[in-house]
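Please read the structure below before turning to the comments.
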Amino acid sequence: MYAMTAAHKTLPMGTWVKVNNLGNNREIIVRVNDRGPFVRGRIIDLSYAGARKMGMVGPGTARVKVTALGRATSYSKKTKAPVKFTPVNYWKGNFTVQVGAFQIKTNAENYRKKLSNTYMNAHLTPYEDGRGRFFRVRIGRFTNLKDAERFSEKLMEQGFGQAFAVAE
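Every letter in the sequence shown is one number past the one before it in my numbering, and letter 107, counting from 1, is 1337.
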């Protein structure tokens, strides 16, 4: 919460990103250490410290530009901030498509079972945060982001309006 961190759906954990607030031109560099945001139309969740530096605490959201920098390879001796980065292949990895999230495990499991009749690899992923414990229902396993995004689009055409690709 007080560290300069962020949540992103698909970037590898440990990736450093530059975030520009398009409304006030403020800019920060944060490290991806969590998954999210799980709200359509949002691309990144900032920690409280990051949101405060960007002038976003009051409004809660802002239009931003996110630039992936990569993994830190060198840090400032004075500030301990990363100063050099190695690019990462953001398109390769372990991806899936999330179609729902439930607080009651039985509801999530029933939904997963229903989906298993039609889709391979329907599975639950438990998650806990300050709001409580959640059970995310996900379908498929992909080794690249493009395939996961294509599958997500197919699911949306089939009525899964909240389907989106996510890294596991």
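Think of the CB as a built atom: it goes at the ideal place given N, C-alpha and C, for glycine as much as any other residue. This structure is a prediction, so every number in the text was calculated from the model and none was measured.
Kindly indicate which residue of the options has the alpha-carbon position closest to the one of residue i.
i, options, result
"Gly1323", "Gly1266, Asp1377 and Thr1316", "Asp1377"
"Glu1398", "Arg1368, Phe1381 and Ala1233", "Arg1368"
"Arg1366", "Gly1360, Ala1352 and Glu1387", "Ala1352"
"Val1329", "Val1260, Lys1344, Arg1361 and Glu1358", "Lys1344"
"Asn1259", "Lys1295, Gly1362, Val1249 and Met1350", "Checking the sequence shown, residue 1259 turns out to be Ile, not Asn. Of the listed residues, the one whose Cα sits closest to Ile1259 is Val1249."
"Tyr1349", "Leu1375, Trp1321, Val1247 and Phe1390", "Phe1390"
"Val1294", "Thr1309, Val1247 and Leu1252", "Leu1252"
"Ala1236", "Glu1257, Ala1395 and Gly1266", "Gly1266"
"Thr1326", "Leu1354, Glu1387 and Gly1290", "Leu1354"
"Arg1256", "Leu1241, Lys1384 and Gly1285", "Gly1285"
"Tyr1305", "Ala1331, Val1262 and Phe1315", "Phe1315"
"Arg1301", "Leu1385, Ala1331, Val1262 and Gln1333", "Val1262"
"Arg1363", "Arg1371, Phe1332 and Lys1310", "Phe1332"
"Leu1375", "Pro1356, Tyr1320 and Tyr1357", "Tyr1320"
"Thr1297", "Thr1245, Glu1387 and Tyr1357", "Thr1245"
"Ala1292", "Arg1371, Ala1233 and Arg1272", "Arg1272"
"Pro1242", "Ile1274, Ala1233, Lys1307 and Val1318", "Val1318"
Mapping the DSSP letters down to three states, classify residue i as helix, strand or coil.
i, result
"Glu1398", "coil"
"Thr1336", "helix"
"Gly1370", "strand"
"Arg1261", "strand"
"Leu1276", "strand"
"Arg1282", "helix"
"Arg1270", "coil"
"Arg1363", "strand"
List the endpoints of the continuous beta strand (DSSP E) containing residue i.
i, result
"Ser1304", "Val1294 to Tyr1305"
"Thr1326", "Lys1322 to Phe1332"
"Ala1236", "Thr1235 to Ala1237"
"Lys1314", "Pro1312 to Thr1316"
"Lys1248", "Trp1246 to Asn1251"
Output the boundary residues of the alpha helix (DSSP H) element that contains residue i.
i, result
"Arg1380", "Leu1375 to Glu1387"
"Leu1354", "It is not in any alpha helix (DSSP H) - Leu1354 instead sits in the beta strand (DSSP E) that spans His1353 to Asp1359."
State buried or exposed for residue i, treating a residue as buried only when at least 16 other CB atoms are found within 10 Å of its CB.
i, result
"Ala1393", "buried"
"Ser1346", "exposed"
"Lys1239", "buried"
"Ala1395", "buried"
"Asp1359", "exposed"
"Arg1342", "buried"
"Thr1269", "Checking the sequence shown, residue 1269 turns out to be Val, not Thr. By the 10 Å Cβ count, Val1269 comes out exposed."
"Trp1287", "Here residue 1287 turns out to be Val, not Trp, going by the sequence shown. Exposed is the call here."
"Val1247", "buried"
"Gly1290", "exposed"
The region 1332–1346 touching the region 1270–1289, judged by at least three CB pairs closer than 8 Å: no
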